[in-house]
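What follows is a single structure, written as structure tokens, with notes after it.
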Amino acid sequence: MSKRLRNILTPLIAVVLGIIVGTIIMLVSGYDPVAAYTALWNGAFGDVYYTGEVIRQVTPYILAGLAVAFAFRVGLFNIGVEGQFIVGWLAAVWVGVSFDLPKIIHLPLAIIAAMVAGGIWAFIPGLLKARFRVHEVIVTIMMNYIALHSVNYIINNKLNQGSSKTGMIHDSASLRSPWLQEITTHSTLHWGIIIAIIGCVFMWFLLEKTTRGFELRAVGFNQDAAHYAGMSVNKNIILSMVISGCFAGVAGAMEGLGTFGYMAVQGGFTGVGFNGIAVALLGGNTAIGVFFAALLFGALKIGALSMPLEAGVPKELVDIIIALIVFFVASSYIIRIVLDRFGKKEVK
Amino acid sequence: MSFMQILMIVIPSTLLWAAPLVFTALGGVFSERSGVVNIGLEGLMVIGAFSAVVFNITFAGTFGAATPWIALLVAMAAGAIFSLLHAVAAITFRADHTVSGVAINLLATGLTLFLVKLIYNKGETDIIKQSFSKIDIPVLKDIPVIGKIFFQNTYWTSFVAIIVAVIAWYIIYKTPFGLRLRSVGEHPMAADTMGINVTKMRYLGVIISGALGGIGGGVYAESISSNFSHATISGQGFMALAAMIFGKWHPLGAMGAAIFFGFAQSISIIGSSLPFLKSIPDVYLLIAPYVLTILALTGFIGRAEAPKADGVHYIKGSR
Chain A
163 MSKRLRNILT PLIAVVLGII VGTIIMLVSG YDPVAAYTAL WNGAFGDVYY TGEVIRQVTP
223 YILAGLAVAF AFRVGLFNIG VEGQFIVGWL AAVWVGVSFD LPKIIHLPLA IIAAMVAGGI
283 WAFIPGLLKA RFRVHEVIVT IMMNYIALHS VNYIINNKLN QGSSKTGMIH DSASLRSPWL
343 QEITTHSTLH WGIIIAIIGC VFMWFLLEKT TRGFELRAVG FNQDAAHYAG MSVNKNIILS
403 MVISGCFAGV AGAMEGLGTF GYMAVQGGFT GVGFNGIAVA LLGGNTAIGV FFAALLFGAL
463 KIGALSMPLE AGVPKELVDI IIALIVFFVA SSYIIRIVLD RFGKKEVK
Chain B
2 MSFMQILMIV IPSTLLWAAP LVFTALGGVF SERSGVVNIG LEGLMVIGAF SAVVFNITFA
62 GTFGAATPWI ALLVAMAAGA IFSLLHAVAA ITFRADHTVS GVAINLLATG LTLFLVKLIY
122 NKGETDIIKQ SFSKIDIPVL KDIPVIGKIF FQNTYWTSFV AIIVAVIAWY IIYKTPFGLR
182 LRSVGEHPMA ADTMGINVTK MRYLGVIISG ALGGIGGGVY AESISSNFSH ATISGQGFMA
242 LAAMIFGKWH PLGAMGAAIF FGFAQSISII GSSLPFLKSI PDVYLLIAPY VLTILALTGF
302 IGRAEAPKAD GVHYIKGSR
């Protein structure tokens, strides 16, 4: 079996396995899987309104997935996308409420602010990794909680406009579009999806078509070899974390400038960053893979909202399925062994 | 408010908040000492909290005052069984330990909330009827000064946690089992050469961590939150992970760090009633455990080194 085919088959098998186990869980719990999956499908694609919601949900998932995937390609595990996402969201909203500028300046400025915030948040673990060899997983987890508590503090004490949330951003910084809302019968769809697609193209171009991307990937494959070839491993580690953080920050800007238009005090994590890990893994850490994986998870998440009413099934079933998919993708070693067995039989 | 009074508020509260962290951090020590990274501690706590609460609500009438303790045993068993998923993925299927841990966390939250809706038809459980209550430790409470500060108005679970930490230290550093556990985490190939079953030791490490994580979740649910909802366990598992690292992968160190983090947590909650802490914004106390952990890792507060083979798969025959 060719490597390429295997790389495409493995995630597909993981998705199928996840859905099978989800079905078994429903059967054991006495729910009707057919009704549940029908409700799920209709809740995601049954109406233009729902499709609009799906695309809106997919937008931050793509960017969070790109953030995780980009770091992965350089051999780093950025669990801190959640924290970078939160600070990006806050930075975008902060710029959105504090300035009065023409749209052509204000909107890009808000997005850049989110990029910078996310980038700085990821720069710290990158620097510690490069300078002190501190494992980035632990530092990024800790940075998530620091982000959560600090952002809540800033919202409560600096930007509070009543009921623990910031004021609405000015129209000049908004990604919302009456036209997009019109054609999707008043969903919360906004222009962010264009930015997410640009993000995909950017990541693909940077990694596959530039010298810098070659260096980054080389560091990901083998740090010693990259070092021997004269590349600065430390510089590339820091750079990859910063770029990863920028993606995560922009994902936050999508929520701040598009979906919500404000930021409220967060009781806990939003989950976007952790779903970004799932998206990146399923997408095989490639830009195009991330795009499709985000589409799948976005559709699952939005479709799930219809399940309790239509089929009486708790929406958490979808979280179980997503977790199982991550589990199976992580365990792909065993899937590959099985695939290779089948492959060999065909040869005989 | 006298200094004595302040101590009498702060110390019992610290011990209360520290107990779940101590148990879970010890679980982390067992797992990581055997060479399996366990980001899934949070999920294991969720499972423990869920099963303890459900058992407590269901059987409070049958077992009476003993219910919380039996519920802890149930939480322990549930945590151990659930951690098998992590063990199978990370050890047998050679999954990336961190990814598998993330899957455990996602699965635990999804599964428990799904079950809560299935069983109770609503988003959270009722308040448990039999929770751990405040007690005065007999005999010890009569010691002058110390008795008043440490042994009155406190909880049994906090002291059990400290005893378990000492037992864990004894097991890991003074028994053959502990030596084997550590050797698999430092140099699995050498251990294998000496006839130690690497896979078995690692499975045991993960299962013990699941059991302790389950207890940690159960203690939290039965002494602090009193019910189970999506927000019951929100970060305690990761804080326990931080405590384990801050304690340099040592049982007693982890216990000390967990007590310190418990102190930070309790201060951020009761701080407004203490005169000298009113002026400090609580955000500093909330982020203190995490900032300190980063500093510890960086080497500013004595360098924390992970076991050598932590997170590394052992594949027989490979060099």
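Protein chains in written order, with the working numbering: chain A, 163 to 510; chain B, 2 to 320. The beta-carbon is built from N, C-alpha and C at its ideal position, and this holds for glycine as well. Keep in mind it's a predicted model, so treat the numbers as computed, not measured.
* Asked: Quick one, which of A/Glu-478, A/Asp-502, A/Val-216, A/Leu-471 has its alpha-carbon nearest A/Ala-201's?
  -> Among A/Glu-478, A/Asp-502, A/Val-216, A/Leu-471, the Cα nearest to that of A/Ala-201 is on A/Leu-471.
* Asked: Which residues bound the alpha helix (DSSP H) around A/His-311?
  -> A/His-311 -> alpha helix (DSSP H) spans 298 to 319.
* To do: Could you check the C-alpha separation between A/Lys-291 and A/Ile-400 for me, to the nearest Å?
  => Looking at the two C-alpha atoms, the distance is approximately 8 Å.
* To do: Could you say if the region 59 to 68 of chain B and the region 259 to 274 of chain B meet the contact criterion of at least three C-beta pairs nearer than 8 Å?
  => Short answer: they don't touch.
* Asked: Whose C-alpha, out of B/Lys-309, B/Ile-234, B/Leu-205, B/Arg-181, is nearest the C-alpha of B/Thr-194?
  -> Closest option to B/Thr-194, Cα to Cα, is B/Arg-181.
* **Closer than 8 Å to chain A by CB, B/Asp-137** => For B/Asp-137, no CB of chain A lies under 8 Å from its own CB, so it is not counted at the interface with that chain.
* To do: Round the Cβ separation of A/Met-304 and B/Ile-295 to the nearest angstrom and send it over; I've been treating them as touching at under 8 Å.
  => Indeed, because the Cβ distance is near 5 Å, the residues count as touching under 8 Å.
* **With 16 other Cβ atoms within 10 Å as the buried cut-off, status of B/Ser-210** => Using a 10 angstroms sphere on the CB of B/Ser-210, the tally of other CB atoms reaches 16 or more, which defines it as buried.
* To do: Measure the Cβ-Cβ separation of A/Val-230 and A/Ile-357 and say whether it is below 8 Å.
  => Contact: no.
* Asked: Straight-line CA distance for A/Lys-510 to A/Leu-171?
  -> In this prediction, A/Lys-510 has a pLDDT of 45, which is less than 50 and means its spatial position is unreliable; what the coordinates show is noted afterwards. Straight through space, the alpha carbons of A/Leu-171 and A/Lys-510 are spaced by roughly 21 Å.
* With 16 other CB atoms within 10 Å as the buried threshold, where does A/Glu-370 fall? -> When all chains shown are included, A/Glu-370 counts as exposed.
* To do: Determine the DSSP secondary structure at B/Thr-194, reduced to helix, strand or coil.
  => If DSSP states are grouped into helix, strand and coil, B/Thr-194 belongs with the helices.
* To do: For A/Tyr-323, count neighbouring Cβ atoms within 10 angstroms of its own Cβ and tell me buried if that reaches 16, exposed if not.
  => Here residue 323 of chain A is Gln; the residue named in the question, Tyr, does not match the sequence. By the neighbour-count definition (other C-beta atoms within 10 Å, threshold 16), A/Gln-323 is an exposed residue.
* Within 10 angstroms of the Cβ of B/Met-256, are there 16 or more other Cβ atoms? Answer buried if so, exposed if not. => Answer is buried; the Cβ neighbour count reaches 16.
* Name, please, each residue of chain A whose Cβ falls closer than 7 Å to the Cβ of B/Thr-200. => Within 7 Å Cβ-Cβ: nothing; B/Thr-200 doesn't reach chain A, min ~15 Å.
* To do: Could you work out which residue in A/Asn-396, A/Gly-423, A/Phe-261, A/Trp-366 is closest to A/Ile-450 when comparing CA atoms only?
  => If we check each option's Cα against that of A/Ile-450, A/Trp-366 comes out closest.
* Taking B/Ile-129 as the reference, give the member of B/Ala-20, B/Thr-25, B/Phe-229 with the closest Cα. => From the listed residues B/Ala-20, B/Thr-25, B/Phe-229, the smallest Cα separation to B/Ile-129 is found for B/Phe-229.
* Asked: Is A/Ile-496 close to chain B, meaning its C-beta is less than 8 Å from at least one C-beta of that chain?
  -> Contact of A/Ile-496 with chain B is assigned, a C-beta pair being separated by under 8 Å.
* Could you confirm whether any beta carbon from chain A is found closer than 8 Å to the beta carbon of B/Ile-92? => False, the Cβ-Cβ gap to chain A never drops below 8 Å.
* Asked: Which of the residues in the region 457 to 485 of chain A, read from start to end, lie with their CB under 7 Å from any CB of chain B?
  -> Going along the region 457 to 485 of chain A in chain order, one finds Pro-476, Glu-478, Leu-479, Asp-481, Ile-482, Ile-484, Ala-485 with a Cβ nearer than 7 Å to chain B.
* Any chance you could list the beta strand (DSSP E) runs of at least 3 consecutive residues sitting entirely within the region 127 to 171 of chain B, in chain order? => Qualifying beta strand (DSSP E) stretches: none in this window.
* Give every residue of the same chain whose Cβ lies closer than 6 Å to the Cβ of A/Lys-463, excluding the five residues on either side of it in the sequence, and list them in chain order. => Once the five neighbours on either side are set aside, the close Cβ partners of A/Lys-463 are Gln-219.
* Asked: What residue range is occupied by the uninterrupted alpha helix (DSSP H) comprising A/Asn-169?
  -> A/Asn-169 -> alpha helix (DSSP H) spans 165 to 190.
* To do: Assign A/Arg-235 to one of two classes, buried (16 or more other C-beta atoms within 10 Å of its C-beta) or exposed (fewer than that).
  => With 16 or more other Cβ atoms within 10 Å, it is buried.
* **Length of the line joining the Cα atoms of B/Ala-78 and B/Ala-212** => Their backbone Cα atoms lie some 6 Å apart in a straight line.
* **Contact set between B/Ile-288 and chain E, taken where Cβ atoms lie within less than 8 Å** => Structure shown: chain E not included; protein chains present are A and B.
* Go ahead and label A/Met-469 buried or exposed: buried means 16 or more other beta carbons lie within 10 angstroms of its beta carbon, across all protein chains shown. => Counting Cβ neighbours within 10 Å, A/Met-469 comes out buried, since at least 16 surround it.
* To do: Give the secondary structure of B/Ala-307 by DSSP, where H, G and I count as helix, E and B as strand, and everything else as coil.
  => In the structure shown, B/Ala-307 sits in coil (DSSP, three-state: anything other than H, G, I, E or B).
* What are the boundary residues of the alpha helix (DSSP H) that includes A/Asp-481? -> Its alpha helix (DSSP H) spans residues 478 to 492.
* B/Ala-109, DSSP secondary structure in three states -> Here B/Ala-109 sits in helix by DSSP.
* Is DSSP giving B/Lys-317 helix, strand or coil here? -> B/Lys-317 falls in the coil class under three-state DSSP.
* What's the gap between the Cα of A/Ile-286 and the Cα of A/Thr-302? -> Approximately 9 Å between the Cα atoms of the pair.
* **Counterpart residues of A/His-348 in DSSP-defined beta bridges** => According to the DSSP secondary-structure assignment, A/His-348 is paired through a beta bridge with no residue.
* In whole angstroms, what separates the C-alpha of B/Ala-90 from that of B/Ile-208? -> Going by C-alpha positions, B/Ala-90 is about 13 Å away from B/Ile-208.
* Mind the definition here: the region 244 to 252 of chain A touches the region 260 to 280 of chain A only if three or more C-beta pairs lie below 8 Å; say whether that holds. => Counting Cβ pairs under 8 Å, three or more are found: they touch.
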